[in-house]
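Q: Numbering follows numbering that gives the first Met the number 0, with no gaps: position 668 of the sequence shown is 667.
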Amino acid sequence: MIKFTEKLSSMCRFRRVVLSLAVFFSACGAESAQQGTAVDVKDVVDVLPTKKVVGDWQGLLSCAGRDFPTRIAVNALENDQLEVRWTVTPALGRRNYISPDGRSEITDRVLTGEYDSVTGRASVRESISRRPLQLDILFGKETVLLSHQRCDFGVLQRPPADAIADLQSELLAIQEEIVIGIEDQQGECPRELQEWIHVGLELPLDRLGRGDTSALWTDEVTRPIFGEPVAGFRAQRRREIRRALAGRCMVRRDPRQQAVVRALMGITDYRAFRDGRFIELAGPVAEDWVARRALPLLTSESLPELSNVSSQALSRVPRTFNFDRLLADSSVYDSQSYAQQTVALNEAMMARRAEEDFLGNMRDARLFHMLDLWQAALVRDDIRDAPANTLIEEVLIDKAVEYSRAADTARDAVKMAGWVSSVDEELACSEAQQDTCSEAAERLRDRLDELADKFAETEQTAFVALEDEDTSLQNLSRLVEMHNALVRKYGRVLEYGDFRDLMEDFEDLRFDWQRDQEAALAQQLASARTTSALTALDQRYFASSDLATRPERHLKRLGKVYDEQLTGTRPFAGTGSDAYLNALYNREFNALARMDAELLSGVAPMFQFMAQQINSVSDILGAAGRPLQSAARELNNPSAVTAVALRYLLNYEDQYESCLGADAITVTFTERVDTVTRTGSGIEVSRIRGVPVSTTYRIKREHADLFEDVFSKPKSSGADGMLEALFGLQGVSQLTDAVEELMDEHRCDSDEVRGFEQGLLAYYANRKRQWGR
Numbered sequence: 000m001i002k003f004t005e006k007l008s009s010m011c012r013f014r015r016v017v018l019s020l021a022v023f024f025s026a027c028g029a030e031s032a033q034q035g036t037a038v039d040v041k042d043v044v045d046v047l048p049t050k051k052v053v054g055d056w057q058g059l060l061s062c063a064g065r066d067f068p069t070r071i072a073v074n075a076l077e078n079d080q081l082e083v084r085w086t087v088t089p090a091l092g093r094r095n096y097i098s099p100d101g102r103s104e105i106t107d108r109v110l111t112g113e114y115d116s117v118t119g120r121a122s123v124r125e126s127i128s129r130r131p132l133q134l135d136i137l138f139g140k141e142t143v144l145l146s147h148q149r150c151d152f153g154v155l156q157r158p159p160a161d162a163i164a165d166l167q168s169e170l171l172a173i174q175e176e177i178v179i180g181i182e183d184q185q186g187e188c189p190r191e192l193q194e195w196i197h198v199g200l201e202l203p204l205d206r207l208g209r210g211d212t213s214a215l216w217t218d219e220v221t222r223p224i225f226g227e228p229v230a231g232f233r234a235q236r237r238r239e240i241r242r243a244l245a246g247r248c249m250v251r252r253d254p255r256q257q258a259v260v261r262a263l264m265g266i267t268d269y270r271a272f273r274d275g276r277f278i279e280l281a282g283p284v285a286e287d288w289v290a291r292r293a294l295p296l297l298t299s300e301s302l303p304e305l306s307n308v309s310s311q312a313l314s315r316v317p318r319t320f321n322f323d324r325l326l327a328d329s330s331v332y333d334s335q336s337y338a339q340q341t342v343a344l345n346e347a348m349m350a351r352r353a354e355e356d357f358l359g360n361m362r363d364a365r366l367f368h369m370l371d372l373w374q375a376a377l378v379r380d381d382i383r384d385a386p387a388n389t390l391i392e393e394v395l396i397d398k399a400v401e402y403s404r405a406a407d408t409a410r411d412a413v414k415m416a417g418w419v420s421s422v423d424e425e426l427a428c429s430e431a432q433q434d435t436c437s438e439a440a441e442r443l444r445d446r447l448d449e450l451a452d453k454f455a456e457t458e459q460t461a462f463v464a465l466e467d468e469d470t471s472l473q474n475l476s477r478l479v480e481m482h483n484a485l486v487r488k489y490g491r492v493l494e495y496g497d498f499r500d501l502m503e504d505f506e507d508l509r510f511d512w513q514r515d516q517e518a519a520l521a522q523q524l525a526s527a528r529t530t531s532a533l534t535a536l537d538q539r540y541f542a543s544s545d546l547a548t549r550p551e552r553h554l555k556r557l558g559k560v561y562d563e564q565l566t567g568t569r570p571f572a573g574t575g576s577d578a579y580l581n582a583l584y585n586r587e588f589n590a591l592a593r594m595d596a597e598l599l600s601g602v603a604p605m606f607q608f609m610a611q612q613i614n615s616v617s618d619i620l621g622a623a624g625r626p627l628q629s630a631a632r633e634l635n636n637p638s639a640v641t642a643v644a645l646r647y648l649l650n651y652e653d654q655y656e657s658c659l660g661a662d663a664i665t666v667t668f669t670e671r672v673d674t675v676t677r678t679g680s681g682i683e684v685s686r687i688r689g690v691p692v693s694t695t696y697r698i699k700r701e702h703a704d705l706f707e708d709v710f711s712k713p714k715s716s717g718a719d720g721m722l723e724a725l726f727g728l729q730g731v732s733q734l735t736d737a738v739e740e741l742m743d744e745h746r747c748d749s750d751e752v753r754g755f756e757q758g759l760l761a762y763y764a765n766r767k768r769q770w771g772r
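Now the structure itself:
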């Protein structure tokens, strides 16, 4: 069983054609992208202007266990560029190490690069080709973080930089060798150290004291013993504790206790002490940067106007300046969630820049390309509707004036006339833009009248020459072809200027010649024995509306002959649409195509306009727009055969159950009708969910592909209106009624029904090939 979970409508496969069109109407007023409204970054964070970072900074740079006193002098250049003069002195206590790489002296080296006042980050580099120096700098108000190659930390402050000077003194002190004398070994081990050692002995260590002793350094252990965390001990106190542990607290004959004491002597480990002190100075800078700069930008309700440099800095700063270590114990920063936030922001920034580029191209484009881009914006998920609609409001009228001034060709005029008519029919624009579009259309009308006068004068020459010819069927055929050629070339431009008079002249002459040749025309119609022959005569000697509307007495008489001949074609007569059904039976595809054009002429302008829009959008969307191209072809060349197939398939089970066969397929459609309350402006205020109701149909297995192809549900109310216009056409309604008449009069296993069904399947397949489906 095939199960369709969408609503079954009395419409058909043709709905699917219009689905891609409906987006143009339903999307107007609905947002298709959510990049957010941009706000000035100065409303989100306090920028750090260049003048606040220029000047001298001095500090320490920690690289591979060595700590180098360093200083930078910052000068401002033009266009947010900085010049940084960098100097490094030999490592503390390691005079042989003159710089981080141990070889190259760094004294007053000049580096330049861009400074970003939003994030306070600068990246500077030497302008030399071989082994250039490079620094990343993160400026805070009082303290600067420095990053160079594989260095761990870098912290600088304004002179005199007392905190840096204190750190430098402590690093020198912690490096001094501790000599244990006889007096250091006399006396009792201090009580607090005894408690610390006792905690170590309680750990699950083996008899030689081997095992995990990391717990001895935690706040939970050290705070009760010393009254504060051991991480806060300065160099001098650490040295005193180390001296006592190595002297009075060392027990020579207890290897387990010796191992614990030796572990505690790590309190003077240089790297651990140095890293802790660096984090004390650099951590608050990193935490302040995250809390006061990064997070406000990342969590702003509206998308901040960030430059590429700023958005890149948000991603790179935490990694460049080792925030995972600096903020390991901070509640402000979690690397995983921060990374997710930066990815989301950068994606939104990229989307907005792409949108800005798109809207910039739209603003710069000529009128009709701009309109094509507008329609593309309404169906693209990455372009918001609101700014696209605002742009149209701002520039459409000026663009129309500009285009009309330059328009000079028939192609220009056809574009203008087609768009003006679509505006008049309220197809081109949403309700919100209708006034703007109407005013722009008005600007085009004057130019259309001028161009129509010029073109009409040119085309009238050929008409006048033919008008002087004698009346004959041959000349009547030439006149009709000339008329049809004008329609193909100029379309709705024929409704403007002197073209109106010229087309009236064409009609008057055509009617006169038809009257003169009425006997000959009646004879040819009476001699036609097939639908194809009749429709060929219609196309050769009559304009598309002549035999359809029959506005003149001679056309009523000729139309009667035409109808009698159609009634006499085989095998169907008296159905109300004999010509179409007989053409299907006889597989007269050319005749069917001509009848389709006539039956659907009432919606042809609407569909052609939508096809033009689809083709334009398809070109703009590239590969993503290719699926729309077959819909455009179907709109340019629609067929009433879909309505015939729909009626035949829906009625089959009731009329022809005996011919379903043992392998019939059951198709289920489910619909749920909700009760919706809306305000006067269309805003939904309440919805009562309806109960799903299912309807089942049994179909012949060989009809399954056709059944699936013609049924679908429109996803927008915009499609409903167009489909109602299509299936509300009198000719189409008459045709579907004729299908029911045919099924009432003929058995399902009759030659007539078998031939009709085979012709129906064949013509539908022919149309699908034409549409590229």
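Beta carbons: idealized from backbone N, C-alpha and C, even for Gly.
#1: Residues in its own chain within less than 8 Å of D115 by CB, not counting five upstream and five downstream?
#2: Leaving out five residues before and five after S334 in sequence, what residues of the same chain have Cβ atoms less than 6 Å from its Cβ?
#3: If you check the beta carbons only, do V83 and V123 fall under 8 Å apart?
#4: Would you identify the three-state DSSP class for I278, choosing helix, strand or coil?
#5: Taking just the CA atoms, how far does L244 sit from V289?
#6: Given 8 Å as the limit, is there contact between the region 577–591 and the region 736–745, that is, 3 or more CB pairs closer than that?
#7: Quick check: is the beta carbon of R291 nearer than 8 Å to any beta carbon in chain D?
#8: Looking only at its chain, what residues have a beta carbon closer than 7 Å to the beta carbon of F225, apart from the 5 residues adjacent to it on each side?
#9: To which residues of the same chain is D448 closer than 7 Å at the C-beta, ignoring the five residues directly before and after it?
#10: Should I181 go down as buried or exposed, given a rule of 16 or more other Cβ atoms within 10 Å for buried?
#11: Identify every run of the alpha helix (DSSP H) within the region 499–549, keeping only runs that are complete inside it and at least 4 residues long; order them along the chain.
#12: How far does the beta strand (DSSP E) with Q133 in it extend, from its first residue to its last?
#13: Identify every run of the alpha helix (DSSP H) within the region 120–192, keeping only runs that are complete inside it and at least 4 residues long; order them along the chain.
#14: N321 by DSSP, collapsed to three states: which one?
#15: Please classify H197 as buried or exposed, where buried requires at least 16 neighbouring CB atoms within 10 angstroms.
#16: Look up S61 in the DSSP assignment and say whether it is helix, strand or coil.
#17: Between the region 474–490 and the region 428–438, can you find at least three pairs of beta-carbon atoms closer than 8 Å?
#18: Counting along the chain, where does the alpha helix (DSSP H) carrying T221 start and finish?
#19: Label G773 either buried or exposed according to how many other C-beta atoms from any shown protein chain fall within 10 Å of its C-beta, with 16 as the threshold for buried.
#20: In angstroms with no decimal places, state the Cα-to-Cα distance between Y332 and Q340.
#21: Of the residues L659, L450, L294, I136, which one's Cα is nearest the Cα of R410?
#22: Tell me where the beta strand (DSSP E) around Q80 begins and ends.
#23: Taking the beta carbon of E458 as the centre, do at least 16 other beta carbons fall within 10 Å, making it buried, or is it exposed?
#24: Between R365, Y337, L326, A385, which lies nearest to E354 when the distance is taken from Cα to Cα?
#25: What is the DSSP secondary structure of S329, counted as helix, strand or coil?
#26: What residues in its chain sit with their C-beta under 6 Å from that of T88, if we drop five residues either side in the sequence?
#27: For the beta strand (DSSP E) containing V109, list its first residue and its last residue.
#28: Measuring straight from C-alpha to C-alpha, what distance separates R646 and Q757?
#29: Using the C-alpha atoms, what's the distance from Q256 back to L207?
#30: Just curious, the alpha helix (DSSP H) that T641 is in, first and last residue?
#31: If you run the structure through DSSP and keep just helix, strand and coil, what is D254?
#32: For the alpha helix (DSSP H) containing Q374, list its first residue and its last residue.
#33: Within its chain, find whatever has a CB closer than 6 Å to the CB of N765; leave out the 5 residues flanking it on each side and keep chain order.
#34: Beta-carbon separation of R276 and L134 under 8 Å?
#35: With distances taken from CA atoms, which of E424, S421, L524 is nearest L472?
#36: Is there contact between the region 547–562 and the region 519–533, where contact requires at least three CB pairs shorter than 8 Å?
A: Result, derived from the coordinates:
#1: D79, A121, S306, V308, S309, A312
#2: D323
#3: yes
#4: helix
#5: 41 Å
#6: yes
#7: The chain labelled as chain D is not found in the depicted structure, where only one protein chain is given.
#8: E191
#9: Y495, G496
#10: exposed
#11: 517–526, 530–540, 545–548
#12: 133–138
#13: 161–174
#14: coil
#15: exposed
#16: strand
#17: no
#18: 218–225
#19: Any answer about residue 773 is impossible in this case: the structure gives the chain only from 0 up to 772.
#20: 12 Å
#21: L450
#22: 80–87
#23: buried
#24: A385
#25: coil
#26: P68
#27: 108–115
#28: 16 Å
#29: 8 Å
#30: 640–654
#31: According to the sequence displayed, residue 254 carries Pro and not Asp. Looking at P254 - three-state DSSP - the assignment turns out to be helix.
#32: 366–378
#33: F588
#34: no
#35: L524
#36: yes
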